[in-house]
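K.L.:
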Amino acid sequence: MKSRILVFALVICLLFSLTVFAKAPADGTFEGTGQGFGGPVKVNVQVADGEITAIEVAEHNESYGIGDRPLDIMSERILAAQSYEVDLVSGATYSANALKFAVKDALDTAGIEGFDAATKTEMTEEEITTDVVVVGAGLAGISAAIEAKLAGSDVVVLEKLGRIGGNSILSGGIVCATGSPMNEAFEDDADDLVSYYQERANGKADEELLYYIAENSGDSIAFMLENGVEFNEDIGLGGTSPRQRLHSSPSRGAGIVLPLLEKAEELGVEFMLERPVTSLISEDGAVKGVVSEGRYGTLTINAGAVVMAAGGFDADEAVRDMYSPHAQGAIPYTSKGNTGDYIAWAEDLGAELYFNDGVVGIRAVTATAYLTDSINLLGWLNTIAVTDEGVRFSSEAADYPILFTNMVATGRQDFYWIYDGVTMPELCELAVERNVGFKGETLEELAETAGMDPGTLVENVERYNSFAGGEDEDFGKAGIVALADGPYYAIRVRPATIGTMGGFVTNTNSEVLDIYGETIPGFYAAGECASGKFFDQEYPSSGTMLNIATVFGRTAGINAAAYAGE
Ligand SMILES: Cc1cc2nc3c(=O)[nH]c(=O)nc-3n(C[C@H](O)[C@H](O)[C@H](O)COP(=O)(O)OP(=O)(O)OC[C@H]3O[C@@H](n4cnc5c(N)ncnc54)[C@H](O)[C@@H]3O)c2cc1C
29 MKSRILVFAL VICLLFSLTV FAKAPADGTF EGTGQGFGGP VKVNVQVADG
79 EITAIEVAEH NESYGIGDRP LDIMSERILA AQSYEVDLVS GATYSANALK
129 FAVKDALDTA GIEGFDAATK TEMTEEEITT DVVVVGAGLA GISAAIEAKL
179 AGSDVVVLEK LGRIGGNSIL SGGIVCATGS PMNEAFEDDA DDLVSYYQER
229 ANGKADEELL YYIAENSGDS IAFMLENGVE FNEDIGLGGT SPRQRLHSSP
279 SRGAGIVLPL LEKAEELGVE FMLERPVTSL ISEDGAVKGV VSEGRYGTLT
329 INAGAVVMAA GGFDADEAVR DMYSPHAQGA IPYTSKGNTG DYIAWAEDLG
379 AELYFNDGVV GIRAVTATAY LTDSINLLGW LNTIAVTDEG VRFSSEAADY
429 PILFTNMVAT GRQDFYWIYD GVTMPELCEL AVERNVGFKG ETLEELAETA
479 GMDPGTLVEN VERYNSFAGG EDEDFGKAGI VALADGPYYA IRVRPATIGT
529 MGGFVTNTNS EVLDIYGETI PGFYAAGECA SGKFFDQEYP SSGTMLNIAT
579 VFGRTAGINA AAYAGE
């Protein structure tokens with residue numbers, strides 16, 4: 029009996045000491061890994077005297093400017109809360125989760141407990157006053173903030189997400205401009221650009237606004253260059269125009285947004301993240317500030333002027349279906365914060381809104397958040413494309429918004445890009461593995477696996493092949509190369525949107541107009557949220573939106589500062 033009691037006591041002691049050992053945080057630095065958007069995120073977590081004292085991100089492959097900043101924000105949150113159970117950074121949840129789980133992994137592996145207490149953000153109620161408040165920290169908002177600050181205003185930028193940059197930072201970083209310091213040879217090109225845009229808008233665009241963006245586009249590039257943005261030397265072609273106007277940043281959208289952000293911060297612009305604007309303050313028809321209600325509580329900002337730069341509305345499919353219905357069913361490939369919150373406020377304020385069922389339409393294989401998923405390349409190569417009934421419907425080489433229009437015009441939702449066995453076999457196999465591709469040894473077998481009528485697919489492919497080395501009698505595509513031998517692959521491709529056209533109606537001062545065509549005092553808008561009057565349904569050329577955002581963002585900033593200073 030005695031010995032049983034002794035054994036029992038020893039077991040209790042051992043368990044107790046193990047528990048104590050597991051709970052007492054050991055000092056040291058511990059490695060952990062989480063899975064991010066671009067691969068593993070590795071951290072070194074330093075623990076001393078029962079506290080997490082440092083989190084070092086040792087390795088990551090998150091997107092430049094998009095996923096990397098949230099890693100720092102999460103580290104700060106965890107350090108402040110002494111718990112990894114903190115709120116994720118909105119708009120960057122993949123990367124934020126990776127950091128959280130990397131820290132958890134480091135602590136778990138070291139057998140350290142006690143850093144998982146549920147945390148709650150303190151909610152406060154605050155009221156401040158400033159000269160200019162900017163809603164949205166995309167390219168239009170940052171450009172406005174820089175100019176307003178340079179004009180002497182105090183500027184606060186409120187951003188809904190936990191990261192800067194909206195669609196601008198996700199973008200390809202292509203800017204369409206004429207007469208820039210890099211393409212001075214085209215200095216007299218504004219008229220041609222305006223006619224090109226007007227033709228693509230079927231005559232529906234506001235010509236005064238078009239001239240404004242064309243004539244100021246070169247200056248947009250100069251503004252970017254002065255503020256540290258770099259562009260590739262080659263100026264590219266855009267849309268169906270034969271003129272070279274596309275300036276492209278080697279680091280895509282981040283290469284434009286981040287240098288400008290740095291400039292704005294250096295000037296003293298205040299950026300407040302995860303502060304969604306939820307209503308406007310107006311008095312006697314003039315806009316006097318904004319209210320933000322969110323995870324930090326209520327913030328009221330009384331301001332001399334407000335610049336709306338809140339982007340498009342396709343992140344909310346219901347809103348997109350209402351104002352751009354022809355894009356119904358397309359994959360929204362857009363920044364999560366772009367939900368058109370301002371549409372309701374505009375109506376309350378009596379501001380004029382204009383929608384023409386427009387979207388920036390592209391196509392995509394997968395619905396993953398970024399187009400950089402390599403598998404999406406399969407929707408862009410120059411092979412034969414058919415509907416899910418096996419019918420060819422367009423020149424596959426058409427500019428992407430035109431191809432989007434042609435896809436939508438078929439009334440089908442699913443399309444297949446057909447590959448032979450030699451063009452991209454590895455990527456095609458990956459697509460099959462990820463259930464976005466089908467495979468068949470023959471075209472008939474492929475059609476059956478993918479649910480197409482074999483006779484229709486074979487007939488369409490044979491006709492396409494017959495145009496090789498000659499003329500495409502159906503859609504005028506140049507340089508057709510016949511499909512080689514099997515196996516064959518059908519990669520499922522869907523229409524997608526990367527932006528919308530529509531929103532506020534503004535004049536060349538970026539002043540917002542009301543339903544009677546009068547300006548609304550103290551209220552300015554720029555970028556995608558005020559882009560309806562430049563387009564019809566179809567986007568005319570890469571680079572147009574970033575130029576509009578910069579030209580009108582800057583104009584809004586200058587005029588808002590002047591108004592606020594009156
Ligand atoms: C993948 C992709 C590639 C693209 N490539 C190009 C390209 O190469 N060239 C080109 O010209 N265009 C391109 N575009 C389109 C272009 O990026 C956008 O049209 C442009 O960036 C719009 O700029 P913006 O400042 O108006 O809006 P955004 O950059 O989207 O910024 C709007 C900001 O407002 C915030 N916001 C929204 N509501 C609120 C609220 N209630 N309170 C506070 N903040 C709010 C959003 O979170 C967002 O951060 C691309 C778009 C995508 C998605």
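Just so you know, the sequence shown maps onto residues 29 to 594 in our numbering.
A virtual CB, placed ideally from N, CA and C, is assigned to each residue, including glycine.
#1: I'd like the list of long-range same chain contacts for Thr470, defined as Cβ closer than 8 Å, with 5 residues on each side in sequence excluded.
#2: Sort Ser103, Thr394 and Val347 by Cα distance to Glu461 and report the nearest one.
#3: Ligand 1 and Val393: does the residue's C-beta get closer than 6 Å to at least one heavy atom of that ligand?
#4: Evaluate the contact criterion for the stretch 539-548 versus the stretch 230-249: three or more CB pairs, one atom per stretch, below 8 Å.
#5: Closer than 6 Å: is that where the CB of Thr583 sits relative to any heavy atom of ligand 1?
#6: Does the beta-carbon of Leu186, which I'm using as the reference point, lie nearer than 6 Å to any heavy atom of ligand 3?
#7: Buried or exposed, going by whether 16 or more other CB atoms sit within 10 Å of the CB of Leu308?
#8: Just to confirm my understanding: we take Ser181, look at its own chain, exclude 5 residues before and 5 after, and list those with CB closer than 6 Å. What are they?
#9: Just the Cα atoms here: how many angstroms apart are Ser103 and Thr61?
#10: Kindly indicate which three-state DSSP category Met336 falls into: helix, strand or coil?
#11: Which ranges would you report for the alpha helix (DSSP H) in the stretch 96-160 if only whole runs of at least 4 residues count?
#12: On the DSSP letters alone, give me the boundaries of the beta strand (DSSP E) that Trp445 sits inside.
#13: Could you have a look at Val257 and say whether DSSP puts it in helix, strand or coil?
#14: Round the Cβ separation of Ile519 and Gly407 to the nearest angstrom and send it over; I've been treating them as touching at under 8 Å.
#15: Tell me whether Leu295 is buried or exposed, calling it buried when 16 or more other Cβ atoms sit within 10 Å of its Cβ.
#16: Apart from the five residues just before and just after Gly256, which ones in its own chain have a Cβ nearer than 6 Å to its Cβ?
#17: DSSP beta-bridge partners for Thr81?
#18: I need the boundaries of the beta strand (DSSP E) containing Ile202, first residue and last residue.
#19: Quick one: is Gly465 buried, meaning 16 or more other Cβ sit within 10 Å of its Cβ, or exposed?
#20: Considering just the uninterrupted stretch of the alpha helix (DSSP H) at Pro429, what are its terminal residues?
#21: Would you list the one or two residues that DSSP bridges to Ser570?
#22: By the three-class DSSP mapping on this structure, what secondary structure does Ser597 have?
#23: For Gly585, count neighbouring Cβ atoms within 10 angstroms of its own Cβ and tell me buried if that reaches 16, exposed if not.
#24: If you draw a straight line from the C-alpha of Leu574 to the C-alpha of Ser196, how long is it?
#25: Closest by CA to Leu274, which one among Ser223, Ile412, Gly200 and Glu236?
#26: Using a threshold of 7 Å, state whether the C-beta atoms of Ile202 and Thr362 are closer than that.
#27: Closer than 7 Å by C-beta to Glu79: which residues in its own chain qualify, once you throw out the five before and the five after it? Chain order, please.
#28: Helix, strand or coil for Gly593? Go by DSSP, reduced to three states.
#29: Can you tell me whether DSSP reads Glu461 as helix, strand or coil?
#30: Whose C-beta lies closer than 6 Å to the C-beta of Arg228 among residues of the same chain, with five residues either side of it excluded?
#31: Are the stretch 317-334 and the stretch 346-362 touching by the rule of at least three beta carbon pairs closer than 8 Å?
#32: The alpha helix (DSSP H) with Glu227 in it runs from where to where?
#33: Ser363: beta carbon under 6 Å from a heavy atom of ligand 1?
#34: Can you list, in chain order, the residues of its chain whose CB lies under 7 Å from that of Leu237, leaving out five sequence neighbours each side?
#35: So, at 6 Å on beta carbons, what are the nonlocal neighbours of Arg280 in its own chain, with the 5 sequence-adjacent residues on each side left out?
#36: The alpha helix (DSSP H) that contains Thr477, what's its start and end?
P.N.:
On the basis of the coordinates in this document:
#1: Hits under 8 Å: Gly514 and Tyr516.
#2: Closest by C-alpha distance to Glu461, out of Ser103, Thr394 and Val347, is Thr394.
#3: Val393: no, Cβ never under 6 Å from ligand 1.
#4: Below 8 Å, too few C-beta pairs join the stretch 539-548 and the stretch 230-249 to call them touching: fewer than three.
#5: Taken from the Cβ of Thr583, every heavy atom of ligand 1 lies 6 Å or farther away.
#6: Ligand 3 is absent from the structure shown, which contains only ligand 1.
#7: Buried, by the Cβ-count rule.
#8: Excluding its 5 nearest sequence neighbours in each direction, Ser181 has C-beta neighbours in its own chain below 6 Å: Asp159, Val160, Ala589 and Ala592, listed in chain order.
#9: So the alpha carbons of these two residues sit roughly 14 Å apart.
#10: DSSP places Met336 in strand when its eight states are reduced to three.
#11: 96-109 and 121-137, all fully within the stretch 96-160.
#12: It spans Phe443 to Tyr447 - the beta strand (DSSP E) in which Trp445 sits, taken as one unbroken run.
#13: The answer is coil: DSSP assigns Val257 none of H, G, I, E or B.
#14: Contact between Ile519 and Gly407 is confirmed by a C-beta separation of about 7 Å, below the 8 Å threshold.
#15: With fewer than 16 Cβ atoms within 10 Å of its Cβ, Leu295 is classed as exposed.
#16: Shown here for Gly256: same chain residues with a beta carbon closer than 6 Å to its own, the five before and five after excluded, namely Pro287 in chain order.
#17: Looking at the DSSP assignment, Thr81 forms no beta bridge with any residue, so it has no partner.
#18: Counting along the chain, the unbroken beta strand (DSSP E) around Ile202 starts and ends at Ile202 to Cys204.
#19: When all chains shown are included, Gly465 counts as buried.
#20: Where Pro429 is concerned, the enclosing alpha helix (DSSP H) stretches over Tyr428 to Ala437.
#21: Looking at the DSSP output, Ser570 bridges to nothing.
#22: Because residue 597 is not part of the residues shown, which for the chain are 29 to 594, the question remains open.
#23: With 16 or more Cβ atoms within 10 Å of its Cβ, Gly585 is classed as buried.
#24: Across the structure, Leu574 and Ser196 are spaced so that their CA atoms are roughly 7 Å apart.
#25: The candidate whose alpha carbon is nearest that of Leu274 is Gly200.
#26: No, Cβ-Cβ distance for Ile202 and Thr362 is not below 7 Å.
#27: Excluding residues within five positions, the ones whose Cβ falls inside 7 Å are Gln110.
#28: Assignment of Gly593 by DSSP, reduced to helix, strand and coil, places it in the coil class.
#29: In this structure, Glu461 counts as helix in the three-state DSSP scheme.
#30: Cβ within range, chain order: Pro568.
#31: Judged by Cβ distances under 8 Å, the stretch 317-334 makes no contact with the stretch 346-362, as fewer than three pairs qualify.
#32: That run of the alpha helix (DSSP H) goes Ala218 to Arg228.
#33: Correct: Ser363 has its Cβ closer than 6 Å to ligand 1.
#34: Sequence-distant Cβ neighbours of Leu237 in its own chain, meaning closer than 7 Å and more than five residues away, are Thr536, Lys561 and Phe562.
#35: Correct list, in chain order: Gly200 and Gly201.
#36: Its alpha helix (DSSP H) spans residues Leu471 to Ala478.
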